[in-house]
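Enquirer: Under the numbering used here, residue 425 is the last one in the first sequence; the count climbs by one each step, no gaps. Glycine included, C-beta positions come from ideal geometry on N, C-alpha and C. Since the model is a prediction, treat every value here as computed from it, not as a measurement.
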Amino acid sequence: MPELPEVETVKRGLERLIVGRTVADVSHDWPKGFPNSSNDVDAFLIGARVESVQRRGKALVITLSTEYSILIHLKMTGQLVFVPNEQHSSKSKVETPKLAADRQRSTISLHTSPDEVRFGAGHPNESLVGHLPDKSTRVVFEFVDGSHLYFNDQRKFGWVKLLPSYAVQDDPFIKKLGPEPLDTSFVNTIFVQRMRTANKRMIKAALLDQSVLAGVGNIYADESLWAARIHPTERVSAVSDDRLRVLYTELIRVLKLSIEHGGSTDKTYVNAEGESGSYTSFAQVFRREGLPCTRCGSTIEKSKVAGRGTHTCPQCQA
DNA sequence: CACTTGACCTGTCCGC
DNA sequence: TGCGGACAGGTCAAGT
């Protein structure tokens, strides 16, 4: 369930790994891979050089030298995995430590949230790279040097679009997104303003609304509300500016903390090669129902708010 | 207008 | 061991 920090992590990885590479071939035998475009796709992709990788909310924008851009949304189970050329040619060889290290660095995990690791919804990192493409692979980009970028999506909720670069900002999905929480211009007064536009709604619903602000999903909504001691069902209108500013601070803190951890999976996951799971989640409430609140010891509860699984401390967020 | 529900999907887990 | 059903959650569309 990639949210802002996970997508940001992927963006940074892709920036390092695919910018400057030239597309040699693309296979996209999938309705949501480049819909509404048939043979044109190849014309604008093949031979195109990757100019930049950007993130907008939970979406990725890959800008190409053909003045076309690829817009990608990972939704729940999307992954983008880069596999360098050596992976294929060395498949049957005994893997050297150096090769193993290269492989670790080249793997970008989209299954970045702690629960994904814990509950095994994703591929274990160590076995993923050597076995691609697999049955969840929807789109494959091959670069001229023989490396590949795989778009995998178990549940097919995600999508990949190709559109002229000038049209990205007018794409319906991009167009309705609110401001980026981590922009330097997104100060606490802006946050309060944005939240007030959803004043009548439950505060969790407001946080999740991508048009209020972009990038917050279920995990960081729960985590930031817990940190700010605000109950998810509280109406925004019932929360003072002061408390909203606290929420702002906690939200930014949680998002940045997660990015520092490589997008909410810690290094255990990325470095999972042969190392047993000494993984520890930084999450304070998310998927911790039945466990003690780290702040007061009360038992974390799970309920449904705005149609989503919601985790709260009955004491701290009373 | 605000909110809920269902749809989109598939893999996993739980209870019988 | 198998099987049905609940569940996961980002986003959109339709219904209340």
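Skipping 5 residues on each side, what residues in its chain have a beta carbon closer than 8 Å to that of Ala-305?
Expert: Ala-312, Ala-313, Asp-316, Val-319 and Val-343
Enquirer: Since Arg-301 is in the beta strand (DSSP E), which residue starts that stretch and which ends it?
Expert: Looking at the DSSP string, Arg-301 is not in any beta strand (DSSP E); the run it does join, the alpha helix (DSSP H), is 295-303.
Enquirer: What residue range is occupied by the uninterrupted alpha helix (DSSP H) comprising Asp-116?
Expert: A quick correction: the sequence has Thr, not Asp, at residue 116. Its alpha helix (DSSP H) spans residues 111-125.
Enquirer: For Phe-151, report the span of its beta strand (DSSP E) as first-last.
Expert: Per DSSP, Phe-151 belongs to no beta strand (DSSP E); it is in the alpha helix (DSSP H), 147-152.
Enquirer: Out of Thr-129, Arg-119, Lys-139 and Glu-110, which one is the CA nearest neighbour of Trp-266?
Expert: Among Thr-129, Arg-119, Lys-139 and Glu-110, the Cα nearest to that of Trp-266 is on Lys-139.
Enquirer: In chain order, what residues of the same chain have a beta carbon less than 7 Å from the beta carbon of Ile-337, not counting five sequence neighbours either side?
Expert: Ile-310, Val-346, Arg-350, Leu-354 and Gln-424
Enquirer: By Cβ distance below 8 Å, which residues in the same chain neighbour Leu-171 in space, the five residues on each side in sequence not counted?
Expert: Val-130, Phe-151, Leu-152, Ala-155, Arg-156, Val-157, Glu-158, Ile-177 and Ser-272
Enquirer: Grab the span of the beta strand (DSSP E) containing Trp-137 for me, first residue to last.
Expert: Unbroken run through Trp-137: none, as it is neither H nor E.
Enquirer: With burial defined as no fewer than 16 other Cβ atoms inside 10 Å of the residue's Cβ, what is the status of Val-392: buried or exposed?
Expert: buried
Enquirer: Using the DSSP secondary-structure output, state which residues sit across from Gln-422 in a beta bridge.
Expert: In the DSSP output, where bridge partners are listed per residue, Gln-422 has none listed.
Enquirer: Enumerate in chain order the residues of its own chain whose CB-to-CB distance from Ser-199 is below 7 Å, with the five nearest sequence positions on each side excluded.
Expert: Legend: pLDDT at Ser-199 = 40, less than 50; position of this residue unreliable, value from coordinates given subsequently. Counting only Cβ-Cβ distances below 7 Å, and skipping sequence neighbours, we find nothing.
Enquirer: Pop quiz: Phe-248 and Leu-239 are said to be a contact at Cβ under 8 Å. What is the actual Cβ separation, rounded to whole angstroms?
Expert: That pair is no contact at about 12 Å.
Enquirer: Going by DSSP, name the residue or residues bridged to Leu-269.
Expert: Ile-177
Enquirer: Less than 6 Å between C-beta atoms, sequence neighbours within five positions excluded: which residues of the same chain meet that for Lys-268?
Expert: Leu-178
Enquirer: Between the alpha carbons of Lys-363 and Pro-112, how many angstroms are there, rounded?
Expert: Using only the alpha carbons, I get a separation of about 7 Å.
Enquirer: Does DSSP classify Gln-276 as helix, strand or coil?
Expert: helix
Enquirer: Got a sec, what are the start and stop residues for the beta strand (DSSP E) Val-361 sits in?
Expert: Per DSSP, Val-361 lies in no beta strand (DSSP E); the unbroken alpha helix (DSSP H) holding it starts and ends at 348-367.
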